[in-house]
Amino acid sequence: LIAGALFGSAVLPAQANNDAMMDLLKVLKDQGTITSENYELLTNASKADAEEVEAVKNDLKTAKSEMPKITTDGKIKIESQDGNWSFQPIGRVMWDAIDTDEDDSGAEDFQGTELRRARLGFEGSIYDWGYKFEGDFATGDTSIKDAYISYGNKFNDLGYDVKLGQSHVAYGLNTKISSKYMTFMDRPLFADSSVSPARESGVVASLAAADYKWSLATSLTNGEIESGSTDSNGSTFAARATFVPFMQDKTHLVQLGAGLLTKGGGDDFRFRQRLVSHKDATRHLDTGTFATDGSNAYTLDALGVFGSFHAIAEYNDYTAERETGSDVDIKGYAIEAGYFLTGESLKWKNGYTSGITPKSPAGAWQLAARFETLEIDDSGNSDEADKWTLGVNYYPTQNTRLMLNYDNVTDLQVNGTNVNYEPSALKFRAQAYW
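Per this note's numbering, the very first residue in the sequence shown carries number 1; after that it's consecutive.
Following this line, the structure appears as structure tokens:
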């Protein structure tokens, strides 16, 4: 009976300590309670159970090491335990409500809503190779944003990266700051336009210090992908450099940047821009369309983060050379400042601004203002606009934001003549990204 009970307990390793069981069996054998034959039978069974448990532990350890690691720190990311490959779904949704006042311009006011961005995509890595694809479905037709394969690694204390496909042109600051993170609902008038292009198809190469206190990037591109290809005749060469002369930490720093861009001829050129909202009925700033022999541009920018306060300034000068007639010069600048009432700091990452993480479950609040001007000089027949933008941002969580902007043009010149109307707009946005 005793031997049967001992045998039954021996086959339940989860309920008994194997070493203690072996000691107990030895005591029972020495006292003559069990025979030598039963002792040998029970010890062999106990050893077999121990080996089986150890094998199961090893199998579990092996299975765990081979399972992908899933993290959810604001974004879902799946990667191998050794980090050699990763996959991450990405996307963003931005819904706007807009109320414009065209003043006495004769253009029609707009009161309504708009799905400004609705993007889905993915990105990841396979060893030193990377990939990214993202499309925008907001207009009903798919617009390709990023679509590239990249290779990157480190050499001593330097990091380098090469992208093949459609990605950001190596030019400008405001144009390259993601719409997920930019302070206002719309970029400055010159940014993300024909005078400061965003994405084009080609090759982009970059080199940077490990801490990004300096960086260099160049790109050779040939227009934006539309319907699966580009039809641009003139290639665009661009270069951008950044330098951080002061850094106490990532929330107290100053960064300076500069860029050059040159574009070959053979294509038509046009710059036109809405003034106060994405739904403006009229684009008062417009060069019209003309053939060019080429274009040249440069930009200067500065970014400062000082705790809860930040400031960004950028100047852009673009000259389009007409095939016949005088050149057209388009220049503008924008200065913005923002302050977090709840103590957060604007994140600085790899030379650009990034998202913020609220300190409190109640969220984060930010106030911001921007002044900008843009001038089109076409043989004295100039367009010019000065504009103020005021903004309030509320971040309920790391990945969501509510925005309220008021845009007002305070001075406007069209076709060389000062006009007596000042368009304005009140705009609201709800956004989420992952």
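Where a beta carbon is used, it is the ideal one built from N, C-alpha and C, also for glycine.
Exercise for the section: Tell me, please, which residues DSSP counts as bridged to glutamine 413. Expected result: In the DSSP assignment, glutamine 413 forms a beta bridge with Glu384 and Asn418.
Practice task
Please go through the same chain and pick out, in chain order, the residues whose beta-carbon is closer than 6 Å to the beta-carbon of glutamine 398, but skip the five residues on each side of it.
Solution key: Once the five neighbours on either side are set aside, the close Cβ partners of glutamine 398 are Gly74 and Thr357.
Handout entry: Nearest-angstrom Cα separation, counted from isoleucine 70 out to alanine 10
Key = Because alanine 10 carries a pLDDT of 43, less than 50, the predicted location of this residue cannot be relied on, and the following value inherits that uncertainty. Straight-line Cα distance between these residues: approximately 39 Å.
Practice task
Could you tell me the distance, in whole angstroms, from the CA atom of alanine 238 to the CA atom of leucine 216?
Solution key: If I take the Cα positions, the gap works out to 11 Å.
Exercise for the section: Within 10 angstroms of the Cβ of lysine 57, are there 16 or more other Cβ atoms? Answer buried if so, exposed if not. Expected result: Result: exposed.
Handout entry: Candidates Tyr151, Tyr421, Leu300 and Tyr395: closest to arginine 429 by CA position
Key = Out of Tyr151, Tyr421, Leu300 and Tyr395, the CA that lies nearest to the CA of arginine 429 is found in Tyr395.
Problem - Length of the line joining the Cα atoms of glycine 294 and histidine 168 - result: Roughly 21 Å between the two C-alpha positions.
Handout entry: Start-end ranges of the alpha helix (DSSP H) lying completely within the stretch 30 to 102, minimum 4 residues
Key = Taken in chain order, the unbroken stretches of alpha helix (DSSP H) that lie wholly in the stretch 30 to 102 and span 4 residues or more are 36 to 66.
Handout entry: beta strand (DSSP E) segments (min. 3 residues) lying fully within the stretch 264 to 305
Key = Taking 3 residues as the minimum length, the stretch 264 to 305 contains no beta strand (DSSP E) run wholly inside it.
Problem - Enclosing beta strand (DSSP E) for leucine 426 [first to last residue] - result: In the DSSP assignment, leucine 426 falls within the unbroken beta strand (DSSP E) covering 424 to 433.
Exercise for the section: Mark lysine 349 as exposed unless 16 or more other C-beta atoms lie within 10 angstroms of its C-beta, in which case mark it buried. Expected result: Only exposed fits lysine 349, as fewer than 16 other CB atoms lie within 10 angstroms of its CB.
Handout entry: Close beta carbons around leucine 25, own chain, < 8 Å, minus the five adjacent residues each side
Key = Same-chain partners within the cutoff: Leu6, Ile34, Tyr39, Leu42, Thr43 and Ser46.
Exercise for the section: Output the distance between the C-alpha atoms of threonine 439 and glutamate 323, rounded to the nearest integer angstrom. Expected result: Examination of residue 439 is not possible in this model, given that the chain is present from 1 through 434 alone.
Practice task
Could you check what DSSP says for methionine 185 in three-state terms: helix, strand or coil?
Solution key: Judged by DSSP in its simplified three-state form, methionine 185 adopts coil rather than helix or strand.
Exercise for the section: Please specify which runs of the beta strand (DSSP E), each continuous and at least 3 residues long, are wholly inside the stretch 329 to 409, giving them in chain order. Expected result: Restricted to the stretch 329 to 409, the beta strand (DSSP E) segments that are unbroken, complete and at least 3 residues in length are 347 to 349, 352 to 354, 364 to 377 and 383 to 397, listed in chain order.
Problem - Three-pair Cβ contact test at 8 Å for the stretch 84 to 94 versus the stretch 255 to 267 - result: No, the stretch 84 to 94 does not touch the stretch 255 to 267.
Practice task
Note the first and the last residue of the continuous beta strand (DSSP E) segment covering serine 105.
Solution key: Per DSSP, serine 105 is not a residue of any beta strand (DSSP E), being assigned neither H nor E.
Exercise for the section: Enumerate in chain order the residues of its own chain whose CB-to-CB distance from lysine 145 is below 8 Å, with the five nearest sequence positions on each side excluded. Expected result: Its chain contains Arg119, Gly121, Glu134, Gly135, Asp136, Gln166 and Arg199 as the residues whose beta carbon lies nearer than 8 Å to that of lysine 145, once the 5 sequence neighbours on both sides are disregarded; these appear in chain order.
Exercise for the section: Within 10 angstroms of the Cβ of glutamate 66, are there 16 or more other Cβ atoms? Answer buried if so, exposed if not. Expected result: Within 10 angstroms of the beta-carbon of glutamate 66 lie fewer than 16 other beta-carbons, which makes it exposed.
Exercise for the section: Measure the C-alpha to C-alpha separation of alanine 425 and asparagine 153 and round it to an integer number of angstroms. Expected result: Roughly 46 Å separates the two Cα atoms.
Handout entry: Where lysine 20 falls: helix, strand or coil (DSSP)
Key = First, the amino acid is wrong: residue 20 is alanine here, not lysine. The DSSP-derived three-state label of alanine 20 is helix.
Problem - One or two residues paired with tyrosine 171 in a DSSP bridge - result: Tyrosine 171 pairs with nothing; no bridge assigned.
Exercise for the section: Determine the direct distance from the alpha carbon of aspartate 249 to that of glycine 343, and round the result to whole angstroms. Expected result: Take the alpha-carbon of glycine 343 and the one of aspartate 249: they are about 16 Å apart.
Problem - For valine 195, the three-state DSSP class (helix, strand or coil) - result: Residue state, collapsed to three classes: coil.
Exercise for the section: Kindly list the residues whose CB is nearer than 8 Å to the CB of alanine 210, restricted to its own chain and excluding five residues on each side of it in sequence; keep chain order. Expected result: Once the five neighbours on either side are set aside, the close Cβ partners of alanine 210 are Lys154, Asp157, Leu158 and Gly159.
Handout entry: Inter-stretch contact at 8 Å, needing at least 3 Cβ pairs: the stretch 350 to 369 / the stretch 333 to 341
Key = For the pair of segments examined, the stretch 350 to 369 was found to touch the stretch 333 to 341: the number of CB pairs separated by less than 8 Å reaches three.
Exercise for the section: Just tell me which of Ser125, Leu285, Asp103 and Thr262 has its CA closest to the CA of aspartate 381. Expected result: It is asparagine, not aspartate, that sits at residue 381 in the sequence shown. Of the candidates Ser125, Leu285, Asp103 and Thr262, Leu285 places its Cα closest to the Cα of asparagine 381.
Exercise for the section: Determine the extent of the beta strand (DSSP E) in which tyrosine 315 is found, giving its start and end residues. Expected result: It spans 309 to 322 - the beta strand (DSSP E) in which tyrosine 315 sits, taken as one unbroken run.
Handout entry: Rounded C-alpha distance that separates tyrosine 127 from serine 80
Key = Answer to the nearest angstrom: the Cα atoms are 10 Å apart.
Practice task
Report the rounded CA-to-CA distance for asparagine 420 versus threonine 100, giving the unit in angstroms.
Solution key: If I take the Cα positions, the gap works out to 17 Å.
Practice task
Taking all protein chains shown into account, decide if glutamate 372 is buried (16 or more other Cβ within 10 angstroms of its Cβ) or exposed.
Solution key: When all chains shown are included, glutamate 372 counts as buried.
Exercise for the section: State the DSSP-derived secondary structure class of lysine 132, mapped to helix, strand or coil. Expected result: DSSP places lysine 132 in strand when its eight states are reduced to three.
Practice task
Along the beta strand (DSSP E) that carries lysine 250, what are the first and last residues, could you check?
Solution key: Membership of lysine 250 in any beta strand (DSSP E) is not indicated, and neither H nor E is assigned to it by DSSP.
Problem - Per DSSP, the bridge partner or partners of threonine 113 - result: Note: threonine 113 sits in a beta bridge opposite Ala97.
Exercise for the section: Would you check if the distance between the CB atom of aspartate 186 and the CB atom of histidine 278 is smaller than 8 Å? Expected result: Taking 8 Å as the Cβ cut-off, aspartate 186 and histidine 278 qualify as a contacting pair.
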